[in-house]
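Those protein sequences? They're chains A and B, same order as listed.
All residue numbers for the first sequence refer to UniProt numbering, where the first residue is 1 and numbers rise by one.
All residue numbers for the second sequence refer to UniProt numbering, where the first residue is 1 and numbers rise by one.
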Amino acid sequence: MLSKRHTDAGLGVLLKATIALTAVFLLLPVVMTVIMSFDSRNYLGQFPPPSLSTQWFTKFAHNGYLWSGLRTSLLLATATTVGATTVGALAALAISRMTAQWRDPVTTAFLSPLVLPGVIIGFALLMAFSALSAVPTFLKMLAGHLLITVPFTIRMTLIGLAGISATLGEAALSLGANERQSFFTIILPLAKNSIAAGAIFAFAFSMDDLTISLFLSDFNTYPLPVALVGLMRSNFDLTLAAAAVFLMGLTVIILIVLDRIFGLERVIGHGIYKA
Amino acid sequence: MNVLELKDVTKKYGEFVAVEGVCLEIEEGKILSLLGPSGCGKSTTLRMIAGFTTPNSGTVAIAGENVDHLKPYERNVGLLFQDYALFPHMTVEQNVAYGLRYRGTPKPMIPSRVQQMLSLVRMLGMEARYPSQLSGGQQQRVALARALATDPQIVLLDEPLSALDAKLRLELRIELKEILRSVGATTIVVTHDQEEALSLGDEVVVMHAGKVIQRGSPIEIYKAPADKFVAEFVGRSNWFCATRRGRSSGDLSSYITSNGIEIRTRSAPTDRRGSADLCIRPEHIELMDVTQGVVSDEPDQNLLEGVVVDVAPLGADVHVVVDLPGETRLQVIRKNVGRIPTVVPGQPVRLCFAASDVLVFPT
Ligand SMILES: Nc1ncnc2c1ncn2[C@@H]1O[C@H](COP(=O)(O)OP(=O)(O)O)[C@@H](O)[C@H]1O
Ligand SMILES: [Mg+2]
Numbered sequence: 001m002l003s004k005r006h007t008d009a010g011l012g013v014l015l016k017a018t019i020a021l022t023a024v025f026l027l028l029p030v031v032m033t034v035i036m037s038f039d040s041r042n043y044l045g046q047f048p049p050p051s052l053s054t055q056w057f058t059k060f061a062h063n064g065y066l067w068s069g070l071r072t073s074l075l076l077a078t079a080t081t082v083g084a085t086t087v088g089a090l091a092a093l094a095i096s097r098m099t100a101q102w103r104d105p106v107t108t109a110f111l112s113p114l115v116l117p118g119v120i121i122g123f124a125l126l127m128a129f130s131a132l133s134a135v136p137t138f139l140k141m142l143a144g145h146l147l148i149t150v151p152f153t154i155r156m157t158l159i160g161l162a163g164i165s166a167t168l169g170e171a172a173l174s175l176g177a178n179e180r181q182s183f184f185t186i187i188l189p190l191a192k193n194s195i196a197a198g199a200i201f202a203f204a205f206s207m208d209d210l211t212i213s214l215f216l217s218d219f220n221t222y223p224l225p226v227a228l229v230g231l232m233r234s235n236f237d238l239t240l241a242a243a244a245v246f247l248m249g250l251t252v253i254i255l256i257v258l259d260r261i262f263g264l265e266r267v268i269g270h271g272i273y274k275a
Numbered sequence: 001m002n003v004l005e006l007k008d009v010t011k012k013y014g015e016f017v018a019v020e021g022v023c024l025e026i027e028e029g030k031i032l033s034l035l036g037p038s039g040c041g042k043s044t045t046l047r048m049i050a051g052f053t054t055p056n057s058g059t060v061a062i063a064g065e066n067v068d069h070l071k072p073y074e075r076n077v078g079l080l081f082q083d084y085a086l087f088p089h090m091t092v093e094q095n096v097a098y099g100l101r102y103r104g105t106p107k108p109m110i111p112s113r114v115q116q117m118l119s120l121v122r123m124l125g126m127e128a129r130y131p132s133q134l135s136g137g138q139q140q141r142v143a144l145a146r147a148l149a150t151d152p153q154i155v156l157l158d159e160p161l162s163a164l165d166a167k168l169r170l171e172l173r174i175e176l177k178e179i180l181r182s183v184g185a186t187t188i189v190v191t192h193d194q195e196e197a198l199s200l201g202d203e204v205v206v207m208h209a210g211k212v213i214q215r216g217s218p219i220e221i222y223k224a225p226a227d228k229f230v231a232e233f234v235g236r237s238n239w240f241c242a243t244r245r246g247r248s249s250g251d252l253s254s255y256i257t258s259n260g261i262e263i264r265t266r267s268a269p270t271d272r273r274g275s276a277d278l279c280i281r282p283e284h285i286e287l288m289d290v291t292q293g294v295v296s297d298e299p300d301q302n303l304l305e306g307v308v309v310d311v312a313p314l315g316a317d318v319h320v321v322v323d324l325p326g327e328t329r330l331q332v333i334r335k336n337v338g339r340i341p342t343v344v345p346g347q348p349v350r351l352c353f354a355a356s357d358v359l360v361f362p363t
């Protein structure tokens, strides 16, 4: 009896310790980066910094190379999000209306880019585009990013649509709404949260992608991750940390805005599973 | 005039025939029950009337007009779905107003029509609630209000009460009938519950394996079932496998069951010496104590003896199970009114039923 209770207590402590360790493991690099970005030394010294300053942020603010990358990244991520969400939602809608015998193979075909490593997709696209030299770099990268994000937006929308009973759409039709009206008044509002979740994933994927952009970018048009890697190779200093902290801040702001619009908990939590 | 007319409608899913050669017509203001076991093609029939499913052959006409080429939203058919299909992101008011919006009710008229419908189903004051904030019975009322709001030419109810618990089901059944009558809606009610079908419908259509087996008033369906399936499906029944004996007097016939019990019947099939399934309803059997005097053997009565196996007093009715000689078991239902003799398991009893109450189905 007593030993059982001891085992229980022991397991409880172990569980808590695991959670604490995981949290530290996840957050420590972030915290260190934030602190280091305020380092007042002008060389890369040991942690922790002896005193704080905002010099790296000033450097980042004046670094045209990184800003250009950030601008391209934001444009690219926005275009990717809009494109992937639209295409993904429409494709998912089409898939959900297919008969069972077509649904599975088509879903698999649409989701197949998920299993290919980014390097392979990037290289394949590079080969494909080398034949079409006239395509602007931005569009090449957009194509690459759509390729990796559309499977996610399809998947998310499909999950959302699966939660919507077919009788709801039929009820709308029987009440006099045509297919288009029933889609915009019933299906879309109910799938909204899942589609939004897909959009967030698409944005995050695009902002974060290095592998595909590395193959497709050039000296004039490059996204932030490519710029950061370039800077790290050529001139490794804490401007990188400042840029990273800036990105983090930007992400937090975007999440707060989304939270105001959709309720974030619902978008990335229940939203995926429940209409 | 017939509001709805189905002519020889057939629907196949691949090789499987879900609905076969169904003909139906329904007069204005009538309620028709479509009764049959699960999977017999009732919902498929409704879906073809509503326009969600296209028949392989046959035609559907509403108010004399062929609607085969019309989309669901081009037909004016009101539907109550089994799961109600209320729009979860809309309030009660928005749900009821939805059809009005798309069926072209002038905007200023919509709120008053919504109020009128909600008052009809006794849901006034619930306008601002969402479906998830309503009980099952309330959701059903709102769904009904939504279906009736646009004044549809025909109202289709698919198992309208099956999602409710037994007590509520009875209450809502009565209310449903009242509401449908008060608006004079021409209605088809689909159900697999015979009690529901008989109580709601002016007429009952019994379906089995995709085909219409019988159509008639509730009384006809119960009293004169067209075949063994209907007799078994509607009401309770005791069955005997029996062979006809050559001899018969007047319009009476005599059958012998495989266990040697003689049963007299009145309805005589033309075939003189065939075998038949005989059916007697439990409520048509009289139960008597063996000590209760000597009963004269009338030729148009059946008199059997057996032993009580089980007695279940179910409030209004008492269900008694009696074993006859030769492993035949009979169900007897007695009304629990007046002075009914109390029987106990193990007690020998006499069973009596009229020859005219025995239904004969030649095999
Ligand atoms: N879309 C479909 N595809 C294949 N078979 C179906 C389809 N819809 C219904 N069926 C079959 O048709 C038969 C009748 O179905 P249904 O009309 O729903 O029966 P009921 O409503 O009487 O229970 C069932 O056996 C069912 O499996
Ligand atoms: Mg059904």
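We put the beta carbon where it would ideally sit given N, CA and C, even for glycine.
These figures come from a predicted structure and were not determined experimentally.
Taking the Cα positions, Pro152/B is about 8 Å away from Ala185/B. Contact between Gly326/B and Asn259/B holds: CB atoms are separated by about 3 Å, below the 8 Å threshold. Within the segment 70 to 131 of chain B, the complete beta strand (DSSP E) segments at least 3 residues long are 77 to 80, listed from N- to C-terminus. The segment 153 to 166 of chain A and the segment 39 to 59 of chain A do not touch, with fewer than 3 CB-CB distances between them shorter than 8 Å. For Thr54/B, the three-state secondary structure derived from DSSP is coil.
Secondary structure note for Phe60/A: its alpha helix (DSSP H) is the uninterrupted segment Gln55 to Ala61. The C-beta of Ser194/A comes no closer than 7 Å to any C-beta of chain B. Cβ contact annotation for Ser57/B (same chain, cutoff 6 Å, sequence separation greater than five): Thr10, in chain order. For Met126/B, same chain residues with a beta-carbon under 6 Å away, outside a window of 5 residues either side, are Val92 in chain order. When C-beta distances to chain A are compared with 7 Å, the residues of the segment 60 to 76 of chain B below that value are Pro72 and Tyr73, in chain order.
Contacts with chain B (Cβ-Cβ distance below 9 Å) from the segment 170 to 186 of chain A involve Glu170, Ala171, Ala172, Leu173, Ser174, Leu175, Gly176, Ala177, Asn178, Glu179, Gln181, Ser182, Thr185 and Ile186, listed in chain order.
Residue Ser130/A holds the alpha-carbon nearest to the alpha-carbon of Phe215/A among Phe184/A, Ser130/A and Thr78/A. In this structure, DSSP gives Gln153/B a state outside helix and strand, which the three-state scheme calls coil. Here DSSP, grouped into helix, strand and coil, assigns Asp8/B to strand. A distance criterion of 6 Å places the beta-carbon of Gly201/B beyond contact range of ligand 1, judged by its closest non-hydrogen atom. Less than 7 Å divides the Cβ of Ala85/B from the Cβ of Leu168/A. Sequence-ordered contacts of the segment 91 to 103 of chain B with chain A read Tyr98, Gly99, Tyr102 and Arg103 [C-beta pairs closer than 7 Å]. Using a CB distance below 7 Å, the part of the segment 141 to 165 of chain A facing chain B consists of Ser165, ordered along the chain. Of all residues in the segment 86 to 105 of chain A, none is placed with a Cβ closer than 7 Å to any Cβ belonging to chain B.
Its Cα nearest to that of Arg97/A, the residue Leu161/A stands out among Ser73/A, Phe47/A, Asn220/A and Leu161/A. Counting along the chain, no alpha helix (DSSP H) covers Met1/B, and no H or E run does either. Against chain B, a Cβ distance below 9 Å from Leu190/A picks out Phe87, Pro88 and His89. Residue contact with chain A for Asp83/B: present (Cβ-Cβ distance below 7 Å to some residue of chain A). The nearest non-hydrogen atom of ligand 2 is 6 Å or more from the C-beta of Ser174/A. With a 10 Å radius around the Cβ and a threshold of 16 neighbouring Cβ atoms, Cys279/B comes out buried. Taking a cut-off of 5 Å from the heavy atoms of ligand 1, the residues with a C-beta inside it are Tyr13/B, Ala18/B, Ser38/B, Gly39/B, Cys40/B, Gly41/B, Lys42/B, Ser43/B and Thr44/B.
In its chain, beyond the 5 residues on either side, Pro72, Arg75, Val77, Leu79 and Leu156 have a beta carbon closer than 8 Å to the beta carbon of Ala50/B. Put simply, the backbone Cα of Gly14/B is about 33 Å away from that of Leu190/A.
Under DSSP, Leu24/B shares a beta bridge with Leu6/B. Against Leu168/A, the close residues of chain B are Ala85 and Phe87, in the order they occur along the chain (beta-carbon pairs closer than 7 Å). For Arg141/B, the three-state secondary structure derived from DSSP is helix. Each residue's CA atom was taken as its position, placing Gly250/B and Ile221/B some 27 Å apart. Residue contact with chain A for Phe52/B: present (Cβ-Cβ distance below 7 Å to some residue of chain A). As computed with DSSP, Thr59/B is found in a beta bridge with Lys7/B. In the three-state DSSP reduction, Lys30/B falls in the coil class, being neither helix nor strand. Within the segment 127 to 158 of chain B, contact with chain A at the beta-carbon level (separation under 9 Å) is assigned to Ala143, Arg146, Ala147, Ala149, Thr150, Pro152 and Leu156.
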